[in-house]
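Numbers 3 to 319, taken from our numbering, label the letters of the sequence shown in order.
To keep things clear, I will list the structure first and then write my remarks on it.
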Amino acid sequence: MFFFVFFIILLNHSITNTQDIAYITNQESNMLDVIDLEAMKKIDEVEVGMKPAGILVDQQSQRIFVANPESNNVSIVNLSIKSNKLVNSGNSPMGLALDNKFNILFVSNWYDNTITVIDLNSEKIKNEIKVGKSPAGIYLDENLNKLFVANREDDNISVIDTRNFKSIKNIQVGKAPFGIYSENYLDYVVVTNVQSNSVSIIDKENLEVYENFEVSNWPYSVIHNKKNNQLYVTNQRDDSISIIDMNKRKRISTLSNVCEYPEGIDISYSENLIVVACWFQDNIILIDLDSFKIKKKIETSGGPRAFGRFILKKNYD
């Protein structure tokens, strides 16, 4: 497997760090839509690989990584130098995680049951790690050197030591775990179990499930609101968002009828917005972070998924 340059594209917009920008993967159009969240409008689109779904926006390096399951590669859009590359990966890449300390990209490969380890300095695949069946979402805690992998068909989470690429433990969760999420400031990892309609909470240190929350049908993605310590969970087949209060340790409410098949979710604190990709509605919705009222719907280029972290923030710390 080799890296190759696909094309160079000069984005029509300039990156000035004066606004939050959402980058939305679209599986039907093979496009990455660029949304100015301050202006609340689409300002550009970038061609990527085939059937893009997974995404990772890296605040530090201003690089955008897109997993393209149909073309078996990853797009790397570097905003600093305005470049766009396609990088060969495994069979049907889905989830993405970046180790900035060593400039290494981890990619889950759905049909290979592997994690590809890509050295971004040498532009070579460094290693492949065997995990469970149908790995999807992945999360890396750089401080703990732990990579968490959701294995959908094995109903478990693989934990990998990123110093030696060896498995530490498999953790049983609910049925068909797909999304996995955390932040460096959190001491837990959140897993969405799509077929048991639940969310599992895993302690990062002892690697045990210490909480399970019932949500609605087919939970997909999660985001944490650090202002009030709440989790927001998109439920694909219920067209809703579940709200979990981590102070009270319970689900406190559900936002119903938000859109058709809500999938990727992220937060813009600068614009006080929850941003949700609505797969079957071909748009994204902007929800007020305080009132939970929909402020605007923005049409996308087709089939938005945005599976991962997709907002480049002006206030990065």
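Think of the CB as a built atom: it goes at the ideal place given N, C-alpha and C, for glycine as much as any other residue.
(request) Give a yes or no on whether the C-beta atoms belonging to Phe67 and Leu107 are separated by under 8 angstroms. (result) yes
(message) Short of 6 angstroms in beta carbon distance, which residues of its chain neighbour Asp240, apart from the five on each side in sequence? Order them along the chain.
(response) Excluding positions up to five away in sequence, the list reads Ser218, Asn219.
(message) If distances are taken between C-alpha atoms only, which option among Gly139, Glu155, Met42 comes closest to Val191?
(response) Gly139
(message) For Lys228, count the other beta carbons within 10 Å of its own beta carbon; 16 or more makes it buried, fewer makes it exposed. Which is it?
(response) exposed
(request) Quick one: which unbroken beta strand (DSSP E) runs of 3-plus residues sit fully inside the region 51-135? Chain order, please. (result) 56-60, 65-70, 75-80, 85-90, 95-101, 106-111, 116-121, 126-132
(message) Given this structure, state the Cα-to-Cα distance separating Leu257 from Pro264, to the nearest angstrom.
(response) 11 angstroms
(request) To the nearest angstrom, report how far apart Ile286 and Ser200 are at their CA atoms. (result) Ile286 and Ser200 have their alpha carbons spaced roughly 24 angstroms apart.
(request) Hey, could you find the ends of the beta strand (DSSP E) Gly181 is sitting in? (result) 179-183
(request) Determine, using beta carbons only, whether Val89 and Val76 come nearer to each other than 8 angstroms. (result) yes
(message) Suppose you measure from the CA of Gly304 to the CA of Asn28; what does that come to, to the nearest Å?
(response) 5 angstroms
(request) With DSSP collapsed to three states, give me the class of Arg239. (result) helix
(message) Quick check: the Cα distance between Gln197 and Leu233, rounded to an integer number of angstroms?
(response) 19 angstroms
(request) Determine, using beta carbons only, whether Asn111 and Gly92 come nearer to each other than 8 angstroms. (result) Going by C-beta atoms, Asn111 is nearer than 8 angstroms to Gly92.
(message) Tell me the residue span of the beta strand (DSSP E) that contains Leu142.
(response) 137-143
(message) Distance cutoff 8 angstroms, beta carbons only. Does Arg307 sit that close to anything in chain C?
(response) In the structure shown, chain C does not exist; there is a single protein chain.
(message) For Pro95 and Ala178, I'd like the C-alpha separation in whole angstroms.
(response) In this structure, the CA atom of Pro95 is about 17 angstroms from the CA atom of Ala178.
(message) Quick check on Arg311: does DSSP put it in helix, strand or coil?
(response) In this structure, Arg311 counts as strand in the three-state DSSP scheme.
(request) Decide if Tyr222 is buried, meaning its Cβ has at least 16 other Cβ atoms within 10 Å, or exposed. (result) buried
(request) Could you check what DSSP says for Phe150 in three-state terms: helix, strand or coil? (result) Three-state result, Phe150: strand.
(request) Would you mind working out which of Tyr187, Tyr25, Gly134, Asp163 sits nearest Leu81, comparing C-alpha positions? (result) Tyr25
(message) So, with DSSP's three-state summary, where would you put Asp156?
(response) The three-state reading of DSSP puts Asp156 in helix, counting H, G and I together.
(message) Per DSSP, what are the beta-bridge partners of Met33 in this structure?
(response) DSSP lists Asn28, Glu49 as partners of Met33.
(message) According to DSSP, simplified to helix, strand and coil, what is Leu12?
(response) Because the pLDDT of Leu12 is 41, which lies under 50, any placement of that residue in the model is unreliable, and the number read from its coordinates should be weighed accordingly. Looking at Leu12 - three-state DSSP - the assignment turns out to be coil, as it is neither helix nor strand.
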